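Numbering (our numbering), first residue to last: 133 to 454.
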Amino acid sequence: MNLKILVTGGAGYIGSHVTHDLISLGYNVVVLDNLSKGSLLNINPKSTFVKGDIRDEEVLEKVFSSGIDVVFHFAALKAAGESMIYPDKYALNNIGGTVKLLSMMQKYKVKYFIFSSSAAVYGNPVNLPINESHPKEPINYYGYTKLAIEENLRWFSEILGIKYAALRYFNATGYDVNGRIKGKEVNPANLCPIIMEVLSGERNGMEVFGNDYDTPDGTCIRDYIHVNDLSSAHIKALDYIVKKDSNLVVNLGTGKGFSVMDLINSAEKVTGKKVNYKITGRRPGDPAELIADPSLAAELIGWKAIYSSPEEIFKSMIPVYL
Ligand code: UFG
């Protein structure tokens with residue numbers, strides 16, 4: 133299949149991993165990234181790099197008029213806390229930016245769209261593990277933007293025949309097991325990179341947000357999914373929507389939960405170093421437990437996480453951090 137793929141956010145954390153995999157499979161890839169968070173170090177030299185913003189119609193015209201068959205859309209703002217302070221920014225970037233891409237797809241008759249969605253579309257779990265028909269009631273504006281985009285995709289698909297995959301990531305983490313990604317996320321807000329920054333000495337210490345949850349060790353449980361596993365799911369999702377000429381909406385998680393303390397203990401074991409942490413109060417908006425039911429992705433696209441144990445996750449982060 134000689135498809136030409138546009139990867140928005142291809143210099144960013146997940147987009148860069150997927151770009152490397154697409155290129156190693158022989159796809160022709162155009163990376164569009166405004167470098168607001170992404171790193172030049174992560175851009176695959178075999179891709180065509182365009183520096184620009186998904187909201188800039190002139191840039192989009194240039195990219196789409198070069199002939200694009202598929203859009204992989206990673207470019208987005210992703211800080212749930214910030215989205216509750218600046219919903220306007222999240223509306224314009226995430227929802228507005230995606231609608232611009234969809235309108236270019238309409239104009240240039242691009243059929244396939246792979247979308248980075250999130251478990252944040254579900255909000256507080258009413259039952260565990262969470263399957264795809266769980267109620268969608270986001271508890272932050274970021275999660276709402278992902279849900280709003282999914283709904284737009286459904287309508288664009290219905291009206292224009294676009295085929296899409298919406299991939300609902302649980303807790304994305306880790307770095308390329310093949311060491312191809314060198315630029316780490318700047319000022320990360322997520323647990324695993326924070327643990328690694330403490331271990332590397334970039335941070336003096338970290339907080340564990342609450343140990344009084346109703347979980348075995350009192351700290352929150354999440355479903356951590358390695359970025360290489362996420363990447364392989366994107367490629368299987370593309371095959372599926374093209375071959376079946378059908379849409380796909382699936383969770384990407386492992387179905388296994390680990391607590392904050394499990395992760396800290398595993399990082400200590402893998403690196404042989406001590407994490408300087410202190411237990412503080414709960415962070416507002418954190419549910420005690422979030423675990424995916426990943427069986428639909430297994431059934432439909434034959435996907436399963438293989439790199440997502442805490443040990444594999446931290447091992448893959450060592451070359452980037454230590
Ligand atoms: N945590 C700490 N200390 C920290 C950072 C995090 O104790 O310094 C804890 C959190 O309280 C939580 C767990 O580690 O219990 C994971 O926190 P993250 O911030 O890494 O991730 P979240 O589960 O809050 O959210 C992530 C993504 C969201 C996405 C969600 C979907 O950041 O974008 O998963 O499940 F929507």
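Where is the CB? At the ideal position from N, CA and C, for every residue including glycine. Treat the numbers as computed from the prediction; the structure is a model and nothing was measured.
Using alpha carbons as the reference points, say which of the options lies closest to residue i.
i	options	result
residue 340	414, 278, 161, 153	414
residue 254	435, 150, 280	280
residue 183	207, 445, 202	207
residue 256	243, 271, 353	271
residue 274	304, 226, 422, 147	226
residue 368	435, 383, 440	435
residue 355	224, 187, 205, 419	419
residue 376	320, 337, 433, 363	433
residue 203	412, 370, 365, 209	370
residue 211	373, 205, 239, 277	277
residue 297	328, 247, 327	247
residue 319	311, 309, 412, 330	330
residue 239	205, 393, 194	194
Less than 7 Å between the beta carbons of residue i and residue j, yes or no?
i	j	result
residue 164	residue 236	no
residue 245	residue 294	yes
residue 343	residue 350	yes
residue 162	residue 151	no
residue 478	residue 301	The question about residue 478 has no answer, for the chain in this structure spans 133 to 454.
residue 171	residue 143	yes
residue 148	residue 262	no
residue 398	residue 442	yes
residue 384	residue 260	no
residue 304	residue 395	no
residue 448	residue 386	no
residue 186	residue 140	yes
residue 337	residue 284	no
Would the C-beta of residue i count as close to the ligand UFG, meaning under 6 Å from any of its heavy atoms?
i	result
residue 326	yes
residue 292	no
residue 390	no
residue 410	no
residue 303	yes
residue 340	yes
residue 160	no
residue 332	no
residue 241	no
residue 427	no
residue 383	no
residue 209	no
residue 166	no
residue 252	yes
residue 377	no
residue 343	no
residue 201	no
The alpha helix (DSSP H) with residue i in it runs from where to where?
i	result
residue 402	392-403
residue 429	427-433
residue 288	273-292
residue 412	Segment 409-412 is the beta strand (DSSP E) holding residue 412; no alpha helix (DSSP H) there.
residue 153	145-156
residue 180	It is not in any alpha helix (DSSP H) - residue 180 instead sits in the beta strand (DSSP E) that spans 180-183.
residue 318	Where residue 318 is concerned, there is no enclosing alpha helix (DSSP H), given that its DSSP letter is neither H nor E.
DSSP three-state label for residue i, please.
i	result
residue 338	strand
residue 300	strand
residue 215	helix
residue 448	helix
residue 313	coil
residue 326	helix
residue 186	coil
residue 421	strand
residue 346	coil
residue 438	coil
residue 367	helix
residue 175	coil
residue 295	strand
Start and end of the beta strand (DSSP E) containing residue i?
i	result
residue 356	356-358
residue 246	244-250
residue 137	136-140
residue 204	202-205
residue 234	No beta strand (DSSP E) holds residue 234; the alpha helix (DSSP H) holding it covers 229-240.
residue 383	380-384
residue 161	160-165
Flag residue i as yes when its Cβ comes closer than 6 Å to any non-hydrogen atom of the ligand ZN, and as no otherwise.
i	result
residue 415	Within the structure as shown, the ligand ZN is missing, the only ligands being the ligand UFG.
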